[in-house]
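Enquirer: Protein chains in written order, with our numbering: chain A, 1 to 689; chain B, 1001 to 1689.
I'd like to ask some things about the structure below.
2 protein chains.
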Amino acid sequence: MGRIRRFTIGNPINTEAVVQEIPVEQGAFPYFTRVQGIELKSDGDSQETMVQKDYLSYQMGPEDKVYGLGENVRGIDKRGWVYESNCSDDPHHTEGKRSLYGAHNFLVVAGAKVFGVFLDYPGKLTLDIGYEDMDEIRITPKDWNMDLYILEGEGVLGIVESFRQLIGRSYIPPKWAFGYGQSRWGYKCEEDIRTVVKGYRENNIPLDSVYMDIDYMERFKDFTIDEGRFPNFPEFVEEMKRQHIHLVPIIDAGVKIEEGYGVYEEGVENGYFCKDEAGKEFTGAVWPGKVHFPDVLNTQARGWFGRKYKFLLDQGIEGFWNDMNEPAIFYSEKNLGKVMKELKSVKNDNMDMWEIFAFKDLVNGLANNPEDYKSFYHNMDGVQVRHDKVHNLYGYGMTRAAGEAFEELEPEKRILIFSRSSYIGMHRYGGIWMGDNQSWWSHLLLNLKMLPSLNMCGFLYTGADLGGFGADATEDLLLRWLALGVFTPLMRNHAALGTREQECYQFTRTEAFGKLIGIRYGLMPYIYSEYMKAALRGKMLFCPLAFVYPDDKHAREVEDQLLFGESIMIAPVYVQNAKGRYVYLPEPMKLVRLKGMGQIEEEALGQGHYYIEVPLEEVVFFIRPEKIVPYTEPGQYMEEVQGKEIKLLHFASGAAEYELYQDDGYGKDYGNPAHITKLRVEGHTIEMA
Amino acid sequence: MGRIRRFTIGNPINTEAVVQEIPVEQGAFPYFTRVQGIELKSDGDSQETMVQKDYLSYQMGPEDKVYGLGENVRGIDKRGWVYESNCSDDPHHTEGKRSLYGAHNFLVVAGAKVFGVFLDYPGKLTLDIGYEDMDEIRITPKDWNMDLYILEGEGVLGIVESFRQLIGRSYIPPKWAFGYGQSRWGYKCEEDIRTVVKGYRENNIPLDSVYMDIDYMERFKDFTIDEGRFPNFPEFVEEMKRQHIHLVPIIDAGVKIEEGYGVYEEGVENGYFCKDEAGKEFTGAVWPGKVHFPDVLNTQARGWFGRKYKFLLDQGIEGFWNDMNEPAIFYSEKNLGKVMKELKSVKNDNMDMWEIFAFKDLVNGLANNPEDYKSFYHNMDGVQVRHDKVHNLYGYGMTRAAGEAFEELEPEKRILIFSRSSYIGMHRYGGIWMGDNQSWWSHLLLNLKMLPSLNMCGFLYTGADLGGFGADATEDLLLRWLALGVFTPLMRNHAALGTREQECYQFTRTEAFGKLIGIRYGLMPYIYSEYMKAALRGKMLFCPLAFVYPDDKHAREVEDQLLFGESIMIAPVYVQNAKGRYVYLPEPMKLVRLKGMGQIEEEALGQGHYYIEVPLEEVVFFIRPEKIVPYTEPGQYMEEVQGKEIKLLHFASGAAEYELYQDDGYGKDYGNPAHITKLRVEGHTIEMA
């Protein structure tokens, strides 16, 4: 294994990101130089100001690539932009953004020197990867209190594997959570959900779960059910289970302030909410209106909040998604008062342009205001810490609350949990989805690019909102996106209120949708085995070609193909109206073309560049030499696939082996050797196309 | 030539988009069916409502492609989205948008049937090109008063050429306007501009013009100069000319309301501004604060406004850009009053979520409010027309005002003029830039894709803000974008206030920038010749491969390469960190690699697919068989290039000819045969790589 060195700067807050106890090294850390001084900097408008600079610097070589940073915009190679670890509720993931919902401060520099660095720091961290200067990395924390881990080892993969050991085993969901799920912000009642299930079942499009967004709750109160909309919720959960559907409710971070609401009253009584400077509960507003935020960085409060999930577990629920946990704040009570006062002082009829812009900024600056994040505190087991200093831990804390409680409440059973906001360490307690994306073709590609970056940081159970959350989806976009989603552990179609309905049956090519999603179920023996092995062995599930073929000059450049597990390379189409795409094979591979699981075409191809046609209704992937892909007949839901005869696709000239992982999908005896079945094929001579 | 049929529905407003008098056909128009009826439509949130439908329908075949629509988001093939012709000041050109700044209602369907349609309609028009139903075009006007032209001819190119004849000759700028220009919203005074010129000249990066954004004016008043910042403007214009720099000031649509300001007073006195229902001048607010809008759809008012440009022409100015002419309205006096009243009625301390969102919508809905566009009127030479019915003509009218005035004021001289907003017809009076884009890689590609769509609609003098207007540019983005910009008629680097400074000399690779932009100047004999011939002969300057190689199945699919003029195919790199890209050659071509004009490498390649490496500092293009590319040594500005020895790049096996167009660059005797020089090469045997 590789070598990990830990350096401590100042007095870091313990994030519990890592699980290995690494002794602190004395002396200077390698690779980076701390640069301090005064810089004359233009503000972009012909004004020059003196700026204090104080950052860690690394000089990149022209061929260096930089991998990692988990959930983020831009490429697999992160070079050429400045990122900020600052968990943000911002649904417009354009190229100009610097932060998404997670903070994943691990990166690997791969060039003449190959090393990894993990900055265990829960405040706002700026990572300039060749933005100010194309050839320099500049890392700037808000204050100088952090643990810095330097990792070295055998290539990028070796370093990533060391890191994954350092941070501990990734979360494993129940097997049903690998089935296809449908979600929409807008399903309001039993009947809405029945309509969805009926739409899928009648059109023979597989489905395993329906997600319940905020409307199932009574006035958006966590751990409540609106009884008008769901008169007998446990019975409805049962009704759905009889149709092999799991309901997955959302849980939001903020707890509504309402007299008589138990969660609120208990929280206040026990001091479990975040407090302002004066020691009074901090009041923000989210969906329920005014809320307090559970202090999930406090052990007692976290335990209390986690045990609240029992309310839904007891009604038959087996999965959850944690949302709004950056935490998103639409406004704070304090700031709204200030803004309203300012607005009311504006004279109506004579606003000049700068006044009108200031006015707009005031209103639009109500949400997720940095000043609000500086105005409340956590009680980190005795130590009062201002929120902005640990901002990036909030979603982690909330999901850890759930994860720890599930261990206590359901010790024998896996419960599905994934989160919007995250920090490294949270990957042990739950998955993440890639946040509120848009129905844009560019977000299909972004989805692909985030997969390996997230895997590097321990997040294996992940996926994007297929079809896109915001904006209007088109039928072709959804078909193409599903052809990538077939491979992502979380395979969920999710859309926002007010956008076009994008359940598969809303479009005309229902047969194509059924076949496409059927491929997910047919490939489940492979998908599940690869997931389990990646989690249990600390491996990448999705891997850039660069990591596996580091000496192949062209493979190093490929940013739109991925290796998926040990046998498969994927190369989805992500351009509208494209009939196909270019694909690079770094070694001979077998092209597998699936027109549904019932019609499989195979073709052996030599190393090199190809233009591959991929019709809208098909899934194409490539099998690596001497590798096997177990599959089965598809089904309409996971239970229908379970136990079906295993068949093998392969590209073996000699004898090849595959470790199939099979278990009941619920239990936690992951390491039981009985779960592994060795599959073997005797290959034959292969004719290259 | 092709066949053009005109059908008139209702009582169309005469937009003067076309210059040919086509008699109106009686009877039903071909291809489209008008579909009327009631449709049950879900609103996306489980509510179904009855919707009145009334649209023109065309059933597309699976292989049909749809070209055109000028300035717009998405692909060269417009299939798979819904567009709205509704000129909009919206700088976020994401995939989910439906309108940009122009309204270009010409499209060509290319499939089993090939035909063009031009919907001459100046109101809001919805063009659903396979959005609701992947296989149907649905065109919905706001009301049924339009001229519908159906075009048939020899292939897509034949149809486009017919259309270009129908709409008249494209605008021709002075030759210096093909030089490279630098712009930034933020240059405030003489000294700022001198700094820019010095930055370019000292670093040997060519430059021909500096653009003056709104700050040069006195309180943003059109046709004024701030004397504090420009104490002697004519002298400063001269000083710049001595350095071979043209200053290009901006003109905005709104005229500031200010006592004593001549333009305002004359406009009111003569009734030249748009009026509200009561006949009072309509008051909106833009940069100057409260303004009136000149009624540029009225012949008298248009003539008056156009002649105002004389104020700057008289001071030595030879070029302008017209902005904010959708027209953009930050708020209307009437609506602001209403909004402020509503805001002040809000109770401070108990806003629920829907109230806070309504509150935000109210404030953010102040700008470009559709209700405001319904609240003022034009006097179209005696007929009162509500603005929203002719909204898409405003930018056209403003630029026509300038264009017509230049003919009158400077009959012997070309004046540079381009606009943000436009409608077909305006292409005769000026160019357009592609609006307020962003420093995104995706906008580099969007820039490429818009070029042929705009050419189809008559807009030849065009280009995007190189490096991107909004958001922060990176050095590599600017280099790659310039490598495309080398070929676009308008080659301007422009950036917004508050974004990173992106003048080429702000980065480290100044030599590379100098060489890249030098290539523009070196290729000028070809670029200028091709522009002039395209304008004078009504041809495409940038052409999709599909138009030229309609029988090549793969060429039909290519959306990221273009033919530029008769000899060149371009294939720029538009992906960050990419070392090269795939290129398809539909026929044998010669690859030309320019490491600056001084170092030219050539390689003959056969038909087929290639992966071509393109370093950041190089420009690569391809020469078609039997074609010639004249070039010259580069210079630091256009006058330095003029008259230099012409050299030839070519890919000729036999004898090949090229028509070089040369003139003084200012005069208007375009058709003078002396401007054409026939160049000829005797080819030689070509060895393919």
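Note that the Cβ used here is the ideal one computed from N, Cα and C, for glycine as well.
A quick note: this is a predicted structure, and the numbers were derived from the prediction, not measured.
With DSSP run on the structure shown, which of helix, strand or coil describes F273/A?
Expert: Strand.
Enquirer: Taking Cβ-Cβ distances shorter than 7 angstroms, what residues in chain B pair up with S439/A?
Expert: By Cβ distance, chain B contributes G1096.
Enquirer: Can we say the segment 50-66 of chain A touches the segment 97-114 of chain A, given the rule of at least three CB pairs closer than 8 angstroms?
Expert: The segment 50-66 of chain A, when compared against the segment 97-114 of chain A, does touch it at the 8 angstroms Cβ threshold.
Enquirer: F1007/B and I1150/B: beta carbons closer than 9 angstroms?
Expert: Contact flag set, yes.
Enquirer: I think G538/A touches Q165/A, with their Cβ atoms under 8 angstroms apart; what is that distance to the nearest whole Å?
Expert: Yes, G538/A and Q165/A are in contact; Cβ-Cβ is about 6 angstroms, under 8 angstroms.
Enquirer: Since F233/A is in the alpha helix (DSSP H), which residue starts that stretch and which ends it?
Expert: Start and end: 233-242.
Enquirer: Considering only residues of the segment 5-33 of chain A, which uninterrupted beta strand (DSSP E) runs meet the minimum length of 3 residues and lie entirely inside it, listed in chain order?
Expert: DSSP runs (the beta strand (DSSP E)) wholly in the segment 5-33 of chain A: none.
Enquirer: Determine, using beta carbons only, whether G1181/B and R1492/B come nearer to each other than 9 angstroms.
Expert: Against a cut-off of 9 angstroms, the Cβ pair of R1492/B and G1181/B comes out as a contact.
Enquirer: For the segment 603-619 of chain A, which residues have a beta carbon sitting closer than 8 angstroms to at least one beta carbon of chain B?
Expert: Answer set for the segment 603-619 of chain A: H609, Y611.
Enquirer: Tell me which same chain residues have a C-beta within less than 6 angstroms of the C-beta of E1557/B, skipping the five on either side of it?
Expert: The answer is none, since no qualifying residue turns up.
Enquirer: Determine the extent of the alpha helix (DSSP H) in which T1299/B is found, giving its start and end residues.
Expert: Per DSSP, T1299/B belongs to the alpha helix (DSSP H) from 1299-1307.
Enquirer: Closer than 9 angstroms, CB to CB, is M1351/B near chain A or not?
Expert: By this cut-off, M1351/B is an interface position.
Enquirer: Is the beta carbon of P1206/B less than 9 angstroms from the beta carbon of G1467/B?
Expert: In this structure, G1467/B does not lie closer than 9 angstroms to P1206/B by Cβ.
Enquirer: Classify M1450/B as buried or exposed, calling it buried when 16 or more other Cβ atoms lie within 10 Å of its own Cβ.
Expert: Answer is buried; the Cβ neighbour count reaches 16.
Enquirer: Going by DSSP in three states, F513/A sits in which element: helix, strand or coil?
Expert: F513/A falls in the helix class under three-state DSSP.
Enquirer: Run down chain B in chain order and give the residues with a C-beta less than 7 angstroms from the C-beta of N577/A.
Expert: Residues of chain B passing the Cβ test: G1075, D1077, R1079, G1080.
Enquirer: Consult DSSP for K1579/B and reduce its assignment to one of helix, strand or coil.
Expert: K1579/B: coil per DSSP, three-state reduction.
Enquirer: At 7 angstroms on the CB atoms, spell out the chain B contacts of A471/A, in chain order.
Expert: Those are G1096, listed as they occur along chain B.
Enquirer: Can N322/A and S170/A be called in contact, C-beta distance under 9 angstroms?
Expert: No, these two residues do not count as a Cβ contact at 9 angstroms.
Enquirer: How about P452/A: is its C-beta nearer than 9 angstroms to some C-beta of chain B?
Expert: False, the Cβ-Cβ gap to chain B never drops below 9 angstroms.
Enquirer: Identify whether Y423/A lies in helix, strand or coil by the three-state DSSP scheme.
Expert: Strand, per DSSP.
Enquirer: Could you compute how far the alpha carbon of K1221/B sits from the alpha carbon of M1340/B?
Expert: Distance between the alpha carbons of K1221/B and M1340/B is about 27 angstroms.
Enquirer: Check each candidate in V82/A, M597/A, E326/A and name the one with the smallest Cα separation from R520/A.
Expert: Checked all of V82/A, M597/A, E326/A; the closest Cα to R520/A is M597/A.
Enquirer: Of all the options P12/A, A464/A, D361/A, L362/A, which has the alpha carbon lying nearest to the alpha carbon of D143/A?
Expert: Residue P12/A is the option with its Cα nearest to D143/A.
Enquirer: Cα-Cα, which of Q26/A, G435/A, P572/A, Y187/A is closest to Y611/A?
Expert: Here the closest residue by C-alpha is P572/A.
Enquirer: Does K1256/B come out as helix, strand or coil in the three-state DSSP assignment?
Expert: Reduced to three states, the DSSP call for K1256/B is strand.
Enquirer: Would H104/A and S422/A be called neighbours here (beta carbons separated by less than 9 angstroms)?
Expert: It is a contact, given that the beta carbons lie within the stated cut-off.
Enquirer: Is the segment 388-396 of chain A touching the segment 310-318 of chain A in the sense that three or more CB pairs, one from each, lie closer than 8 angstroms?
Expert: No: fewer than three Cβ pairs fall under 8 angstroms.
Enquirer: Return the chain-ordered list of same chain residues with a C-beta closer than 6 angstroms to the C-beta of T1488/B, the five sequence neighbours on each side being excluded.
Expert: So the list reads G1463, once near-sequence residues are dropped.
Enquirer: Can you round the beta-carbon distance between E1633/B and G1522/B to whole angstroms, since I take them to be within the 8 angstroms contact cut?
Expert: Rounded, the Cβ-Cβ distance is 7 angstroms, consistent with contact.
Enquirer: Within the same chain, show all residues whose beta-carbon is closer than 7 angstroms to that of Y637/A, passing over the 5 residues directly before and after it, in chain order.
Expert: Hits under 7 angstroms: G179, P206, L207, D208, H244.
Enquirer: With DSSP as the reference, identify every bridge partner of S1085/B, one or two as the case may be.
Expert: DSSP lists L1125/B as partners of S1085/B.
Enquirer: Count the other CB atoms, across all protein chains shown, that sit within 10 Å of the CB of D1372/B; report buried if there are 16 or more and exposed otherwise.
Expert: It counts as buried.
Enquirer: Work out the CA separation of G431/A and P294/A for me, nearest whole Å.
Expert: One C-alpha to the other measures close to 21 angstroms.
Enquirer: Once DSSP output is grouped into helix, strand and coil, what is the label at Y1264/B?
Expert: In this structure, Y1264/B counts as helix in the three-state DSSP scheme.
Enquirer: Got a sec: which bits of the segment 349-376 of chain A sit with their beta carbon under 8 angstroms from any beta carbon on chain B, in order along the chain?
Expert: Here the close residues are D349, M351, D352, M353, I356, F359, K360, V363, N364, L366.
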